[in-house]
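In my numbering, the protein residues as written are 1 to 502.
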């Protein structure tokens, strides 16, 4: 293309780089406020969550949940899992057809962007100075100028640790696992976090003869309350999943492409599998983003993530906090690597951008405003969709004590609640709340058991709303539901209904 053919810069109010759920929500929010917006996506509109994370993984797990629940009740006939049918349903949700890897139809997502009035631009974007973005499209480079803000919503990639032979073995990451065309006979999973646990159980349930989980830490789900990892491990072992904690991989080999893979462990043993899944963490997609063009170098990032304040404005020595224009939402800022929290941040970010564009002051340290992501610091709600499920919000006991809080912990056997006993014979589960003694409010809650995900929002309201225990007594749970555990937890708290508080 000659210089005479180079298109003039496109001007708009807001440029959003990244078309996943956080980016889409920023675009929707600023468009609702009347601002013009260009949303740039290099792969698929809808992002990682829609095609290779939340949606396909839960589509794989849900049939297994239903089957497991049916086995716990008398009078029902439970058949075998049709893996091909489960994979086909997964494909429907992700818009996939054919056998080519990572080919999905994002037309509906792109149409949604257009329906908001935002401009959808497909290409690889990078910053090229303040409020200036260069997009490499299939038709050449295009410059987009932002009058108000540029928002980074580029997400993260799966991290592959530097283990000898691992990269050469062409391991699966979360993408290959959720996009798999068939169930491997033997699967080795490296890691003990959410992705590792969900995919280990999914492939075992779909028919893998051998699944081995290797976790360097001492327990599964190491960031959760210990009871979560204990109950999930027990379920895994009952299902025939080989769990090895406190163990690392020292070397991986795959002599023939597509052949079996061997992993030598630091305990002297070797695991042989048909596929190896690496689920040991994520890395922010900041390489090639042009951060250095606005004065952000590696030393200004936090473990590689882009630092932000509570309005999601990026902080850095070359950025004026009194006139913010660069923002980062979702995984790339490292605050909470969860889709729903990225969307939450996006709504706050969009509100902040719109308010500042209208000349209104937005204080980053203000709590619970539409333009500040206060909940990020309270402990994000999260669900691990294993069987048993793990649902948690707020702080664990260890995290609360690390913050210097004087806490009291109450635990209760979920299987003792009538609603749980009716749900499944032999119901096994646990409920735990962490209470700040000084303020008498719940700062953390964890539920482990069948179908506990739907308990989580009540806990989230209690934690984020900082509801006093005395008021929680008046939030009466219906009988017979699992939610009755709230009453049992309150009853177990010392002096929760003491006469001197009447």
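We put the beta carbon where it would ideally sit given N, CA and C, even for glycine.
Counting pairs of beta carbons, one from the region 90-107 and one from the region 43-56, are three or more of them closer than 8 Å? Yes, the region 90-107 is in contact with the region 43-56.
Return the Cβ separation of residue 188 and residue 173 in integer angstroms, given the expectation that the two are a contact with Cβ distance under 8 Å. Taking the chain shown and counting its residues from 1, the one referred to as residue 188 is at position 188. Taking the chain shown and counting its residues from 1, the one referred to as residue 173 is at position 173. Contact doesn't hold; Cβ gap of about 13 Å is too wide.
Beta bridge counterpart(s) of residue 394 as assigned by DSSP: Residue numbering aside, residue 394 sits at position 394 when the chain shown is read from its first letter. Assignment of beta-bridge partners to residue 394 by DSSP yields 444.
Count the other CB atoms, across all protein chains shown, that sit within 10 Å of the CB of residue 367; report buried if there are 16 or more and exposed otherwise. Taking the first residue of the chain shown as 1, we reach residue 367 at position 367. By the neighbour-count rule (16 or more Cβ atoms within 10 Å), residue 367 is not buried but exposed.
Between the region 140-150 and the region 50-64, are three or more C-beta pairs nearer than 8 Å? They do not touch, by the three-pair rule.
For residue 218, which residues of its own chain have a beta-carbon under 7 Å away from its beta-carbon, when the five flanking residues on both sides are left out? As a working mapping, residue 218 is identified with position 218 in the chain shown. Excluding residues up to 5 positions away in sequence, 245 and 246 lie with their Cβ nearer than 7 Å to the Cβ of residue 218 in the same chain.
Using a threshold of 7 Å, state whether the C-beta atoms of residue 290 and residue 175 are closer than that. To locate residue 290, count along the chain shown from 1; it is residue 290. To locate residue 175, count along the chain shown from 1; it is residue 175. Against a cut-off of 7 Å, the Cβ pair of residue 175 and residue 290 comes out as no contact.
Measure from the alpha carbon of residue 392 to the alpha carbon of each residue in 353, 401, 458 and 310, then state which is nearest. Locating residue 392 in the chain shown gives position 392, where the first residue counts as 1. Out of 353, 401, 458 and 310, 458 has the C-alpha closest to the C-alpha of residue 392.
To which residues of the same chain is residue 78 closer than 7 Å at the C-beta, ignoring the five residues directly before and after it? In the chain shown, residue 78 corresponds to position 78, counting from 1. Excluding positions up to five away in sequence, the list reads 67, 70 and 71.
Residue range of the unbroken alpha helix (DSSP H) whose run includes residue 412: In the chain shown, counting from the first residue as 1, residue 412 sits at position 412. In the DSSP annotation of this structure, residue 412 is not part of any alpha helix (DSSP H); the continuous beta strand (DSSP E) holding it starts and ends at 407-413.
Using DSSP's beta-bridge definition, name the partner residues of residue 104. Residue numbering aside, residue 104 sits at position 104 when the chain shown is read from its first letter. DSSP links residue 104 through a beta bridge to 96.
Residue from 132, 328, 228 and 57 with nearest C-alpha to residue 11: The residue given as residue 11 occupies position 11 in the chain shown. Minimum Cα distance to residue 11 is reached at 132.
Taking Cβ to Cβ, would you say residue 285 is nearer than 7 Å to residue 157? Here residue 285 corresponds to residue number 285 of the chain shown, with the count starting at 1. Here residue 157 corresponds to residue number 157 of the chain shown, with the count starting at 1. Going by C-beta atoms, residue 285 is nearer than 7 Å to residue 157.
Here's the rule: buried if 16 or more other CB atoms are within 10 angstroms of the residue's CB, otherwise exposed. What is residue 299? Position 299 of the chain shown, counted from the start, is the residue given in the question as residue 299. Exposed, because fewer than 16 other Cβ atoms sit within 10 Å of the Cβ of residue 299.
Residue 48 - containing beta strand (DSSP E), residue span: In the chain shown, residue 48 corresponds to position 48, counting from 1. Here residue 48 belongs to no beta strand (DSSP E); instead the alpha helix (DSSP H) covers 47-52.
Provide the residue span of the beta strand (DSSP E) that contains residue 435, from first to last. For the purposes of this step, residue 435 is identified with residue 435 of the chain shown, where counting begins at 1. In the DSSP annotation of this structure, the continuous segment of the beta strand (DSSP E) that includes residue 435 starts and ends at 430-436.
Own chain residues within Cβ distance below 8 Å of residue 401, not counting five before or after: For this step, residue 401 is matched to residue 401 along the chain shown. Within its own chain, the residues whose Cβ lies closer than 8 Å to the Cβ of residue 401, once the five positions on either side in sequence are excluded, are 407, listed in chain order.
Would a C-beta distance cut-off of 7 Å place residue 123 and residue 135 closer than the cut-off? By 1-based counting over the chain shown, the position of residue 123 is 123. By 1-based counting over the chain shown, the position of residue 135 is 135. Contact annotation: residue 123 and residue 135 have beta-carbon atoms nearer than 7 Å.
Just the C-alpha distance for residue 384 and residue 164, rounded to the nearest angstrom, thanks. Sequence index remark: in the chain shown, residue 384 carries index 384 (1-based). Sequence index remark: in the chain shown, residue 164 carries index 164 (1-based). The straight-line gap from Cα to Cα measures roughly 30 Å.
Taking just the CA atoms, how far does residue 13 sit from residue 447? On the chain shown, residue 447 is found 447 positions in, with the first residue counted as 1. On the chain shown, residue 13 is found 13 positions in, with the first residue counted as 1. One C-alpha to the other measures close to 44 Å.
Unbroken stretches of the alpha helix (DSSP H), 4 residues or longer, contained in the region 9-70: Correct list: 21-32 and 47-52.
Taking the CB atoms as reference points, tell me whether residue 503 and residue 353 lie closer together than 7 Å. Outside the shown range of the chain, which is 1 to 502, sits residue 503, and nothing can be said about it.
Using C-beta distances below 8 Å, list every residue in its chain close to residue 468, excluding the 5 sequence neighbours before and after it, in chain order. Start at 1 with the first residue of the chain shown, and residue 468 comes out as number 468. Answer for residue 468: 439, 440 and 441, listed in chain order.
Under 8 Å: do the region 46-55 and the region 367-376 share three or more Cβ pairs, one atom per stretch? Segments in contact, no.
Thinking C-alpha only, which one of 330, 200 and 387 is nearest residue 22? As a position in the chain shown, residue 22 is number 22, starting the count at 1. Looking at the Cα atoms, 330 is the closest of the given residues.
Between 190, 162 and 199, which has its C-alpha nearest residue 179's C-alpha? Here the question's residue 179 lines up with position 179 in the chain shown. Minimum Cα distance to residue 179 is reached at 199.
Among 416, 169 and 112, which residue has its Cα nearest to the Cα of residue 256? Taking the chain shown and counting its residues from 1, the one referred to as residue 256 is at position 256. Of the residues 416, 169 and 112, the one whose Cα lies closest to the Cα of residue 256 is 169.
Burial state of residue 479 (16 or more Cβ within 10 Å): If you number the chain shown from 1, residue 479 lands on position 479. Exposed is the call here.
If I measure Cβ to Cβ from residue 119 and keep anything under 6 Å in the same chain, skipping five residues before and after, which residues do I get? In the chain shown, counting from the first residue as 1, residue 119 sits at position 119. Answer for residue 119: 38, listed in chain order.
Can you name the residues that DSSP bridges to residue 463? What you label residue 463 is simply residue 463 of the chain shown in a count that begins at 1. Note: residue 463 sits in no beta bridge, so no partner.
Kindly indicate which residue of 269, 204, 351 and 387 has the alpha-carbon position closest to the one of residue 248. What you label residue 248 is simply residue 248 of the chain shown in a count that begins at 1. The option with the nearest alpha carbon to residue 248 is 269.
Nonlocal neighbours in the same chain, by C-beta distance under 7 Å from residue 362, ignoring five residues either side: As a position in the chain shown, residue 362 is number 362, starting the count at 1. Closer than 7 Å at Cβ, skipping near neighbours: 311, 352, 355, 356 and 371.
Quick one: what's residue 489 bridged to in DSSP? In the chain shown, counting from the first residue as 1, residue 489 sits at position 489. The partner list for residue 489 (beta bridge, DSSP) is empty, contrary to what the question assumes.
How is residue 276 classed by DSSP in three states: helix, strand or coil? The residue labelled residue 276 in the question sits at position 276 within the chain shown. Reduced to three states, the DSSP call for residue 276 is strand.
Check whether residue 360 and residue 273 have beta carbons under 7 Å apart: Taking the chain shown and counting its residues from 1, one reaches residue 360 at position 360. Taking the chain shown and counting its residues from 1, one reaches residue 273 at position 273. No, they are not a contact pair.
Under three-state DSSP, which class holds residue 73? Here residue 73 corresponds to residue number 73 of the chain shown, with the count starting at 1. In this structure, residue 73 counts as coil in the three-state DSSP scheme.
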